[in-house]
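**Q** My questions will all concern the structure given below.
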Amino acid sequence: MMGKAIKKLLEEDHADIDRNTHLLQDSLTNLCYEGKAAFGKNLKELQHILEFFDDEAARHVQFEENVLFPFLKVHIPKLESLLNILSSEHESFKHHLSDFKFYLASISKMESRSERSKMIEKIRETGTYLIFLLRNHIQTEEKSVYEVLVRELRPLEGKEIEDLAKQCAAILGNGKH
Ligand SMILES: [Fe+2]
Ligand SMILES: [Fe+2]
């Protein structure tokens, strides 16, 4: 039961993340093709999506890194190598997100057209990388980690898993609008 509740919260986050990858994809297309007149509007949209990734998605990653993955490594040791791969994807996510943030901040200060178009290209590349990284990552997690979580943690019902569920609710349950 507890495992299921945790899985549900995590999958709700994934649905939000997936939805935002689609918004990001649309905004990147608009930024590239709508031209100068819509530049400010498109930049604002990207900024908004960035805030989501920086806030809710980052909190999700933080829960997995600090609470869930260490817990799973102890209780389901066979997951360890997969969890290490997923952790390195988290690092890659943070790294590219911070590049993306930097590019967005720089482009709004740029005057020259050629500088801007080079920066648009960087934003598009980094954004596209983030989209595919995240979609692939959440699919792998759902299939290979969250499923196992429900199946294999059942015998652990009791204090330990209750603590895990509490931490999950405290980190992921709060702050949602
Ligand atoms: Fe993750
Ligand atoms: Fe996740």
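Heads up: the sequence shown begins at 0 in numbering that gives the first Met the number 0, then just goes up one per residue.
Quick reminder that beta carbons are idealized off the backbone N, C-alpha and C, glycines included.
Please read these numbers as outputs of a predicted model, since none were measured by experiment.
(1) With the cut-off set at 8 angstroms, would you say glutamine 166 and valine 66 are in Cβ contact?
(2) Let me confirm a value: serine 116 is counted as buried when at least 16 other C-beta atoms fall within 10 Å, else exposed. Which label applies?
(3) Can you give me the start and stop residues for the alpha helix (DSSP H) that glutamate 33 sits inside?
(4) Can leucine 78 be considered in contact with ligand 1, in the sense that its beta carbon sits closer than 7 angstroms to one or more heavy atoms?
(5) If contacts are defined as beta-carbon pairs under 8 angstroms, then glutamate 55 and aspartate 15 qualify, I think. What distance do you get, rounded to the angstrom?
(6) Whole angstroms is fine: what's the gap from leucine 85's alpha carbon to leucine 132's?
(7) For glycine 126, which residues of its own chain have a beta-carbon under 7 angstroms away from its beta-carbon, when the five flanking residues on both sides are left out?
(8) Nearest CA to the CA of arginine 112: which residue from Phe38, Asp162, Leu163, Lys93?
**A** On the basis of the supplied data:
(1) Here residue 166 corresponds to residue number 167 of the sequence shown, with the count starting at 1. Here residue 66 corresponds to residue number 67 of the sequence shown, with the count starting at 1. With respect to valine 66, glutamine 166 sits close: the two C-beta atoms are nearer than 8 angstroms.
(2) In the sequence shown, residue 116 corresponds to position 117, counting from 1. Counting C-beta atoms within 10 angstroms of its own C-beta, serine 116 has fewer than 16 neighbours from the protein chains shown and is therefore classed as exposed.
(3) Against the sequence shown, residue 33 aligns to sequence position 34. No alpha helix (DSSP H) holds glutamate 33; DSSP gives it neither H nor E.
(4) In the sequence shown, the residue the question calls residue 78 occupies position 79. No, the Cβ of leucine 78 stays beyond 7 angstroms of every heavy atom of ligand 1.
(5) Taking the first residue of the sequence shown as 1, we reach residue 55 at position 56. Taking the first residue of the sequence shown as 1, we reach residue 15 at position 16. Cβ atoms of glutamate 55 and aspartate 15 come within 8 angstroms of each other, at about 6 angstroms.
(6) Counting from one through the sequence shown, the residue named residue 85 turns up at place 86. Counting from one through the sequence shown, the residue named residue 132 turns up at place 133. Spanning the two alpha carbons is a distance of roughly 11 angstroms.
(7) Against the sequence shown, residue 126 aligns to sequence position 127. Leu23, Leu27, Phe99.
(8) For the purposes of this step, residue 112 is identified with residue 113 of the sequence shown, where counting begins at 1. Closest by alpha carbon: Phe38.
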